[in-house]
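Per our numbering, the very first residue in the sequence shown carries number 59; after that it's consecutive.
To start, the structure under review is shown below, and the notes come after it.
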Amino acid sequence: MQLILSHTNLDFDGLASMIAAKKLYPLAELVLPSKLSSEVEHFLAIYKDTFAFQKKQNIIWDRVHEVILVDTNDTSRTGDFKTNLHKEISYIIFDHHPVTADTISSTKGIIEKVGATITLLSERIQANRISISPLEATVFSLGLYSDTGAFTYQQTTSRDLLAGAFFLEQGANLRVVDQFRDAPLNEDQQQLFQLLLDNSDLISIDGIDILLTSNIQEHYTGHLAQITRKLMQVTGTDAVFSVAQMGDKTFITSRASSERVNVLPLIYSFGGGGHEKAASAMVKHETASHVRSLVKGKLTSIVKPSLVAKDMMSSPVRVVAPQTTIVTASKMLYRYGHTGFPVVENEKLIGVISRRDMDKALHHQLGHAPVKGYMSHQPITIGLNENIEQIREFMIEDDIGRLPVIHNKQLVGIVSRSDVIQAMHGKKGVNVTHSHSNASPLKRQLIETMKRYLSPTVFQLLLIIGEEADHLEMKAYLIGGMVRDLLLESENEDIDVVVEGDGISLSFHLQKIYGGKVRRHDEFRTATWLHPSGFKIDLTSARTEYYDFPAALPKVEMSTIKEDLFRRDFTINAMGICLHREELGELLDYFHGFEDLRKGKLKVLYNLSFVEDPTRILRAIRFESRFKFEMDSQTGRLATESANNLASVSKARLSNELARLFYEEDASFAIRRIHELSLPKFFVSKPAEESIAKNQIALLFKWQQFFKAKKIPIHQSVWICYMFFLTAQKEIGQTGVEGYCSTKEDRHTLDNLVTLKSNEGSYDLYNGQKITIADLHRTFVNYKLEPLLGFFSLYPAKNNRHLFHYLLERESLERMLSGNDLKEIGLNPSPLFREILFFSEIIQLENPTITKSKLLEKVKLEFSLK
């Protein structure tokens with residue numbers, strides 16, 4: 059027999075999850091707990107007969123072999139069912155509460171951190187294409203809306219919203235949801251509410267107001283959770299703890315609304331459970347006054363410290379002098395991406411100049427004027443310990459976007475709106491969860507991911523770098539593609555580390571202790587440490603880049619990790635992992651790269667990204683191909699609008715990106731995107747017709763992949779053939795591709811391809827007669843594989859299969875005869891050797907199964923040898 063059970067004091071999420079579980083396990087019996095919440099009681103007073111609930115006394119418990127447990131993962135929360143659950147019972151669990159030491163083991167089900175358990179069950183229902191009635195959809199919505207606070211509670215996820223949409227599509231009645239979600243208090247409950255309110259204390263901890271209340275009575279009054287919730291609503295406090303002694307039992311119920319309060323640890327200490335914002339416990343033979351005292355002593359531990367200015371400010375601060383001209387300050391805004399600057403004279407803050415002020419001055423042709431004439435005098439400043447709540451008030455009430463931070467009369471930092479937004483939202487919601495496990499913060503998950511996907515040597519190297527940076531009072535971060543690929547759970551050991559401090563000094567420090575070699579690059583404040591194990595680690599001083607004009611090479615200045623990440627190409631590449639001891643493994647994601655990675659989106663970090671470095675357009679196409687991502691609409695539009703800047707980029711710079719795009723990625727995809735973005739005209743003066751170029755590139759890519767599958771190596775210079783296909787090819791010898799040849803192999807491939815194209819009329823490859831493999835070898839023996847692949851791809855696929863077959867046979871040929879074999883039959887080295895060996899190659903190509911002895915016989919016969 060299968061049973062469906064939930065926790066005592068059943069709420070709507072528990073009820074909805076039980077009914078949903080019945081849809082998934084139709085043979086299981088629904089058994090309600092003995093205690094229901096007031097709102098569920100109110101609902102079932104009307105709808106109880108609609109659902110097939112069984113009574114506890116009607117269950118033959120010895121026959122129960124499996125329990126589907128919903129909205130809890132601890133059998134002690136099932137109330138008086140606990141005594142009937144024998145050891146042989148197996149469990150299927152659907153729950154959104156965190157895993158604890160009391161979580162029972164199960165082999166099926168899902169334990170994941172979502173807003174409501176009904177969300178997990180609805181996903182299974184949809185996956186199994188199980189239909190639900192409008193009434194069931196309404197009950198499921200009651201569970202969802204109740205446990206997510208109508209999608210306003212912090213634990214709400216996007217999955218909950220999708221579940222809500224599904225229920226509405228199935229006919230959920232929101233009027234009924236609103237009617238039953240919050241049942242009115244009866245007379246007894248109203249009396250307890252008033253007693254608790256009268257006997258309450260308001261306790262303030264670091265700006266958080268907590269209401270602590272208690273009451274003693276002999277009789278039992280249910281629904282303390284609902285009463286506690288109403289206490290929080292009426293008093294407007296951030297959290298409420300209600301302690302109610304009823305007979306020999308004392309109940310502790312808590313509710314919280316502030317992000318800074320987590321009631322769960324305190325409730326755990328009393329053996330209870332629940333959520334971070336709603337939890338309860340019950341203890342026996344303890345007085346309310348004693349329990350209240352214990353709760354009061356633990357309140358400090360559940361309040362997270364308030365974020366203060368020193369936690370979120372940017373430092374050091376870029377400033378301007380009062381005599382700086384408007385036009386100069388405006389250029390600095392563009393350079394650094396700021397919205398304003400503090401104005402400092404004699405090391406004292408005297409004002410703030412904003413972008414808005416400068417724009418107005420420029421509009422009136424006052425760019426030559428000094429900023430002191432347009433700055434805001436007597437700016438509002440804050441101290442290092444100003445909390446985030448007060449900072450937000452300043453920004454809202456005074457419409458201020460940047461608040462200078464003053465310490466000992468010196469400007470030590472600045473807090474901007476973006477800093478506040480990042481502090482409030484930057485790291486929230488970035489969690490990784492697994493079935494049957496507690497939802498773990500990404501910080502711990504990344505450490506485990508690093509252990510799993512990095513070699514032990516590399517992982518240990520990163521720990522060493524972090525530790526040694528700590529010793530030098532620096533902070534080190536793993537950044538770039540390695541972080542991206544770790545989150546994609548793929549291998550990448552291209553180690554890039556950014557240091558807030560001097561990366562070159564750290565490199566030599568590591569060399570001194572652990573050996574190896576260091577190559578320094580002072581211009582870019584970077585160094586490469588070659589570890590004795592063979593690994594190469596690039597260590598870079600955190601820096602920012604600015605461009606004097608579009609498509610210029612960047613100039614570099616020292617900066618912070620945030621600004622260093624901001625100079626990256628896309629959000630998915632602008633993440634870092636902390637290597638310093640205090641935050642080891644924590645993800646730095648200022649620009650929401652994790653979310654873009656999850657959605658498969660490529661986004662630039664700022665609107666001028668493609669203007670400053672147009673080669674990022676090609677990089678975007680490469681990442682689209684490699685990861686099957688796509689540019690979001692804004693990035694795609696910016697790429698199209700900025701494409702003309704590619705004409706200003708040297709062919710040497712373009713060749714690096716184009717070579718990687720065509721050689722490493724799907725060339726067919728690349729050419730499609732290149733044409734969609736209208737790029738060919740910026741690469742060659744006379745672009746080929748789009749359909750022709752696409753067909754030729756697709757054919758070459760097809761055979762390139764085929765040869766690769768056959769383990770036949772193809773040199774990277776084959777990429778120049780793709781560039782050749784982009785040209786109209788009408789002026790042979792002047793293709794416009796020559797400037798892209800960055801290596802001698804590139805040039806050799808292009809020269810050979812041009813020669814082949816020029817002489818194509820003399821090859822007579824398609825004269826209606828079947829050309830032999832021997833003829834092909836005689837014609838093309840002196841050409842390398844890469845230009846021949848390109849040349850053969852110029853012709854329609856139906857006409858060239860035999861050409862590629864020849865190449866395959868040629869490149870796979872294991873030559874039987876060598877000069878030593880000819881010496882053994884009595885020949886002396888001479889120009890004849892070359893003729894004989896070439897003849898033997900043709901014989902082998904025509905007769906792939908020939909033996910060496912037979913081959914020698916044919917050679918002797920052909921060349922009249924004894």
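Ideal Cβ placement from N, Cα and C applies to all residues, glycine included.
Keep in mind that this is a model prediction, so the values were computed, not measured.
Nearest to residue i (by Cα), restricted to the options the options
i    : options                   : result
E803 : F897, W777 and F782       : W777
S667 : L588, E699 and R684       : E699
L278 : S412, N702 and T308       : Looking at the sequence provided, one finds Tyr at residue 278 rather than Leu. Closest by alpha carbon: T308.
N810 : D833, L846, R836 and K145 : L846
W119 : I104, S163 and L61        : L61
K842 : A339, K288, P854 and I770 : I770
M416 : T397, I408, E748 and I522 : T397
T108 : G797, E194, H144 and A419 : E194
K657 : S191, L545 and I274       : L545
K828 : C799, S713 and R859       : R859
Nonlocal neighbours in the same chain, by C-beta distance under 7 Å from residue i, ignoring five residues either side
i    : result
I449 : A367, I440, L461, V473 and V478
D138 : S92
R677 : D627 and E715
L935 : Here the chain comprises residues numbered 59 to 924, so residue 935 is not present and cannot be evaluated.
E344 : T308
R287 : R313
Simplified DSSP state of residue i, which is helix, strand or coil
i    : result
H465 : strand
K342 : strand
E899 : helix
Q692 : helix
H835 : helix
T439 : coil
I525 : According to the sequence provided, residue 525 is Glu. The question's Ile does not apply to it. E525: helix per DSSP, three-state reduction.
L852 : coil
T136 : helix
T397 : coil
S474 : strand
P590 : coil
D554 : strand
V172 : coil
Y926 : What the structure shows of the chain is the stretch from 59 to 924, and residue 926 is not part of that stretch, so it cannot be assessed.
H65  : coil
R626 : coil
L923 : coil
C636 : strand
Neighbourhood of residue i by C-beta, 6 Å cutoff - its chain only, sequence neighbours within 5 removed
i    : result
D69  : S95
I630 : R542, G651, D654 and L655
G884 : none
L861 : F850
T196 : A230, N231 and V234
T66  : P91, K93 and G137
CB of residue i within 8 Å of CB of residue j, strictly
i    : j    : result
V402 : L469 : yes
K744 : T785 : yes
K21  : I901 : With the chain running from 59 to 924 in the structure shown, residue 21 is simply not present.
I619 : E531 : no
R578 : I562 : yes
S189 : V128 : no
V556 : A600 : yes
I831 : E893 : no
A346 : V298 : no
I446 : A481 : yes
Sequence-distant residues of the same chain with beta carbon closer than 8 Å to residue i, five excluded per side
i    : result
E640 : none
G539 : N550, D552, D554 and N631
I147 : V122, H123, E124 and V125
K575 : Q569, W587 and L588
Cβ-heavy atom distance, residue i to the ligand GDP, below 7 Å
i    : result
A195 : The ligand GDP is not part of the structure shown, which contains no ligands of any sort.
Contact belief for residue i with residue j at Cβ below 8 Å, rounded distance in angstroms
i    : j    : result
A86  : A79  : 7 Å
Y780 : G634 : Going by Cβ atoms, the distance from Y780 to G634 rounds to 35 Å, so no, they are not a contact pair.
R313 : V361 : R313 to V361, Cβ: 15 Å. No contact.
F593 : L519 : 6 Å
I176 : A221 : 7 Å
G331 : T158 : 7 Å
L44  : F782 : It is not possible to answer for residue 44, since the shown part of the chain is limited to 59 through 924.
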